[in-house]
Structure formats: structure tokens, C-alpha cells
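Numbering (my numbering), first residue to last: 136 to 618. Just so you know, even glycine gets a beta-carbon here, dropped at the ideal spot from N, CA and C. Please read the structure below before turning to the comments.
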Amino acid sequence: MNKTIRRASVFTLLLVFALLVRATWVQFYDAKALADDTKNRRNAIKTYAEPLGNIIVGGRSITGSAPTKDSDLKYKRTYKDGKLYAAVTGYASQAYAPTQLEGIYQHLLDGTDTSLGTVMDTVTGKRADPGDVITTIDPDVQKAAYDALGDKKGAAVAIDPATGRILAVVSTPSYDPSSLTDANTAGTAWKKLNADPDKPLTNRALRQPLPPGSTFKLVVAAAALEDGLYSSVDEKTDSPDPYTLPGTTTDLSNENPSAPCENASIRTGLQYSCNNVFAKMAVDLGQDKVKAMAEKFGFNDTTQDVPVRAYTSVYPSDMDRSSTALTGIGQYDVTATPLQMAMVSAAIADGGKLRSPHMVAQTTDSGGDVLKNYDDDTSTEQIVSSSTAEQLQSAMQTVVEKGTGTNARIDGVTVGGKTGTAQHGENNSKTPYAWFTSYGKADGKQVAVAVVVEQSDAARSEVSGNGLAAPVARAMMEAALKN
Numbered sequence: 136m137n138k139t140i141r142r143a144s145v146f147t148l149l150l151v152f153a154l155l156v157r158a159t160w161v162q163f164y165d166a167k168a169l170a171d172d173t174k175n176r177r178n179a180i181k182t183y184a185e186p187l188g189n190i191i192v193g194g195r196s197i198t199g200s201a202p203t204k205d206s207d208l209k210y211k212r213t214y215k216d217g218k219l220y221a222a223v224t225g226y227a228s229q230a231y232a233p234t235q236l237e238g239i240y241q242h243l244l245d246g247t248d249t250s251l252g253t254v255m256d257t258v259t260g261k262r263a264d265p266g267d268v269i270t271t272i273d274p275d276v277q278k279a280a281y282d283a284l285g286d287k288k289g290a291a292v293a294i295d296p297a298t299g300r301i302l303a304v305v306s307t308p309s310y311d312p313s314s315l316t317d318a319n320t321a322g323t324a325w326k327k328l329n330a331d332p333d334k335p336l337t338n339r340a341l342r343q344p345l346p347p348g349s350t351f352k353l354v355v356a357a358a359a360l361e362d363g364l365y366s367s368v369d370e371k372t373d374s375p376d377p378y379t380l381p382g383t384t385t386d387l388s389n390e391n392p393s394a395p396c397e398n399a400s401i402r403t404g405l406q407y408s409c410n411n412v413f414a415k416m417a418v419d420l421g422q423d424k425v426k427a428m429a430e431k432f433g434f435n436d437t438t439q440d441v442p443v444r445a446y447t448s449v450y451p452s453d454m455d456r457s458s459t460a461l462t463g464i465g466q467y468d469v470t471a472t473p474l475q476m477a478m479v480s481a482a483i484a485d486g487g488k489l490r491s492p493h494m495v496a497q498t499t500d501s502g503g504d505v506l507k508n509y510d511d512d513t514s515t516e517q518i519v520s521s522s523t524a525e526q527l528q529s530a531m532q533t534v535v536e537k538g539t540g541t542n543a544r545i546d547g548v549t550v551g552g553k554t555g556t557a558q559h560g561e562n563n564s565k566t567p568y569a570w571f572t573s574y575g576k577a578d579g580k581q582v583a584v585a586v587v588v589e590q591s592d593a594a595r596s597e598v599s600g601n602g603l604a605a606p607v608a609r610a611m612m613e614a615a616l617k618n
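So this is what it looks like as C-alpha cells:
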């Protein structure tokens, strides 16, 4: 063999070897990435080749699947009462990535979850029958919250304090997930929903933390009692009125100038929502102690899964004393989701024990056999003493009986609550947020709720936690305790 032919042969062999290496790489290393690529239509064809599993509320499927026409995607997702449950289900779309429970349990619902398949399915490559997601949502509480919020922009969450089960997750204005399911029409709906200034796709209940205003005073009061700064909710505090923010000449005003807020007890301070009491209390405790208590309730938790990942509720650090004072009334950089403030009331209602909140009870296979029971995984932490919890319960009851939360009263039900009106915009230039968090107990049952109203048709002077949010909370508690 002459030199030229030999070199050509070697070069050809190297090319063949390179092709074999590349083919091997694509087959064994790039295959999964290519298969999982969102632009790979075969995935969508496979997902929608058969009906999906369902999401269950109160023993009833709130999802379904319907045959399509003139499409290689044989089925599309459907929803019953879509707007009512959108904050729970999210959407499963032929055009967009799934969200909320549809996204978290995508593989269970489309039959590709490995826990569903048999040994024979693994051998044959057959897709298993899809499983179902059974939620903890109570349809009566969900509907009560949705109807009570009406055309207001806001959100509401209800929790069973004894179990951690989430009974309602509502965000308004809502949207119909069915508008996003069909690839042929989803694009138009998607553009419209994203252009809406009210942001209906945002889950305000779990994923939009806002300043909690005076509802945060419950956390400060818990810190003061646990620390021993005050021995009871009826002990007089050291709270001048007006209270000048430390290091400034700014006097902190109270909503009701005639309220008996000077040196008021924690009970009176909560009853009249005295800013001077809790701003001074936060400074006396110091930001580290307030932060430690806030974190016990769930603030600053970056991994709050219910199982949807909730946005982090924040208690800030590295503040001066005047900023610490403002955190005592739920302002400055304090933010909270309705889920977080419902957790505060739930822990107080249940003797200081905080159960991990969750809105999925079980996942099952197509035959109804339980794959995972989330109720069994609920963790419990004693975050404040039972004595502190009992005292705060009593003070919250005073708020409802004769304080700022009277619109939450329910005949035959023990109700404790706390109102909040959080400033919004530079120099409070925008409509304040109206908050209410509470618990209700009757006939051995209990429920904790939190409601925020971001915007309504009410005049600015009429925006208050008692006026806008408390009636929503009352409707939810009635539904939870009287059904």
C-alpha cells in the first residue's frame, strides 16, 4: 500500500470512529435531553394520546379530558368550575408548561410516573394508566371564599389547625384554565391574560407576598410574651402616645386618635390596633428576637411547599431602630402571603402548635390504591407555649367581640381575629391593602383563615380589614364549621 492510500485509509477510519462516538453520545447522553425538549412535539402527542388522570375535590373530579378534532393531540384537558379552582389546579396546556398541581403531578396524571407502571409495563414500554390527585380542599369553604371576594382583587386561604389541611386557596380575579388547554386557541388567551393589568394568572394566595400591616402585631405580641418582656396580655406596656420613631422626629400615629393606646396592654393594643404599642415593643425586643419568632411561624422559609412552592414571606435583617419599629406594625420590608398569615392564626388556635400545611391528601393509581398519603407526613412544631397561645386567643377574641374585627362575629362560634390595613405606594399614595386573619371554633371543629383585599370599589376612606376582609373570613369560617 502506498503512502497516499494509507493516509486516506487512516483518515477515513478516523471519520468513521468520530461518527460512531457521536452516534453513541447522542443515543446515550443527549437522548433524554432531546426527548424532554419542550419543542419536541412527540412529547405532547404522547401526553395527550389518552385521557389524563384527575384532580379530586370533595370526592368529585374537577378536571377531565375531552377528544379533540383534526389534531394529532387526541385529547385536551377540561375543567369543571375552572375559575373557582384555578389557584388550586393551575392548568395543563397543549401549548404551555403545566402549573400548580397540574405541573407538580404532571407525570402521575399523564401515566409516566414510575410508581404507576408494572414490571411488564417496563418490559413492553407500555404507558401506565394515569393516577389521581386527591386534594384537601373543602368545596364549601372554597366557594364561600370565592363568592365573598366577588369582584375584589384579593386572595384567601383556610387551614384546619389540627391537621394542617388546606381547606381553601382562592385568588381573584381568576381565570378559566380551559381557555389555555387547546393548542389552537391557547395563544390568544395567553396574550389576553398576560396583558390584563389585574394579573389573573398570579396566585395571590400562595405566590404574592404583601405588607401584612397590623396582622403582624400577633407575631410581635407572641415574641414579647415568650421573651418575658410582658408577662400577660393584660399587663400595661411602656408605650408613649405619640411614639417617636427612634433616631427621628417622626411621630407614629394611630388610626383612631381617641383610642386608649398610651401604655396600653397587649389586649387593648390589639383591640384598637395601637401602632405605638407594637412599634415600641419591636424596638424593645430588638429585631433579632422578632425575626426569630417570625421564622418560627414560617417567615423567611424559602422551601415552603404545600406542595406548590409558596413565595417566601419575609422578615428583614440589618435594620436601624426606626425601621425595626415599623416592622412591628407589619410595614417597612415585612411581607407575607395569605398562606403565611393563616399559619399564624392556625398555630395560635391550636395551642401554639404549627402543623405543616398541605393541600394534597393522597395520590392514587388508576385503581384507587394509595401511592402516597400526605396526611401521614404532616410535621408538628410547638412554636410558642400553650400559655402564650391561650392568651393570644383571648386577646384576638376581644378584637372580634368589641374591637376592630366585629364584622367577623358568628353566632354560636368562638372567633378570634386581627385586622390589618397596610400602606401601599410611596407616601401611602395608593389604596391600602385590607387584611384579616382569624380562627373559629365550634362543636369540636376549628379553622384558621387569612384574607387580603388589594383593591375594591370601596372609597379609600372605607378601606379597612374589618370592612373588606373580615366578611370574607366570616363566610369561610361559617362554611368550614357549619357544614
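Query, Result
"Option in Q466, P442, L236 and T247 with minimal Cα separation from A179", "T247"
"Stretch pair the segment 461 to 480 + the segment 570 to 579: three plus CB contacts closer than 8 Å", "yes"
"Length at least 3, wholly inside the segment 174 to 220: the beta strand (DSSP E) runs in chain order", "190 to 192, 198 to 202 and 210 to 214"
"Cut-off 8 Å between Cβ atoms - residues of its own chain near T523, not counting five sequence neighbours on either side", "A357, L360, E361 and G487"
"Cβ-Cβ separation, Y231 to A321 (assumed contact under 8 Å), whole Å", "7 Å"
"Element boundaries [alpha helix (DSSP H), containing G404]", "I401 to Q406"
"Runs of beta strand (DSSP E) wholly within the segment 349 to 387 (minimum 3 residues, chain order)", "none"
"F152, buried or exposed, once every other Cβ within 10 Å from all chains shown has been counted against 16", "exposed"
"Under the three-state DSSP convention, the category N137 falls into", "coil"
"Secondary structure of S313, DSSP reduced to three states", "helix"
"C-beta atoms of T556 and E390 nearer than 9 Å", "yes"
"Under 9 Å between C-beta atoms of T316 and T182", "no"
"Within 9 Å, strictly: CB atoms of F434 and V519", "no"
"Contact under 9 Å by Cβ, A484 with P296", "yes"
"Range of the contiguous alpha helix (DSSP H) that encloses I272", "Taken as a continuous stretch (DSSP letters only), I272 belongs to no alpha helix (DSSP H), as it is neither H nor E."
"Outcome for L169 when other beta-carbon atoms lying within 10 angstroms are tallied against a minimum of 16", "Since pLDDT at L169 reaches only 46, below the 50 mark, its modelled position is unreliable, and no value is offered."
"4 or more residues per run - each alpha helix (DSSP H) lying fully within the segment 485 to 538", "521 to 537"
"Boundaries of the alpha helix (DSSP H) in which P606 is found, first to last residue", "A605 to L616"
"Contact belief for L474 with A340 at Cβ below 8 Å, rounded distance in angstroms", "6 Å"
"Pairwise C-alpha distance: T566 and V192", "35 Å"
"Exposed unless 16 or more other CB atoms sit within 10 angstroms - verdict on P332", "exposed"
"Counted within 10 angstroms of its Cβ, other Cβ atoms place T589 as buried (16 or more) or exposed", "Position check: residue 589 holds Glu in this sequence, whereas Thr was assumed. E589 should be labelled buried."
"CA nearest to the CA of Q528, picked from R142, R402, D510 and K415", "R402"
"Presumed contact (8 Å Cβ cut-off) between D273 and A303, rounded CB distance", "7 Å"
"In DSSP terms, what T556 is bridged to", "A569"
"Delimiting residues of the beta strand (DSSP E) encompassing A293", "K288 to I294"
"Residue of D376, A414, Q406 and T384 minimising C-alpha distance to E397", "D376"
"Spatial neighbours of D500 in its chain, beta-carbon cut-off 7 Å, leaving aside the 5 residues before and after", "L251, G266 and L506"
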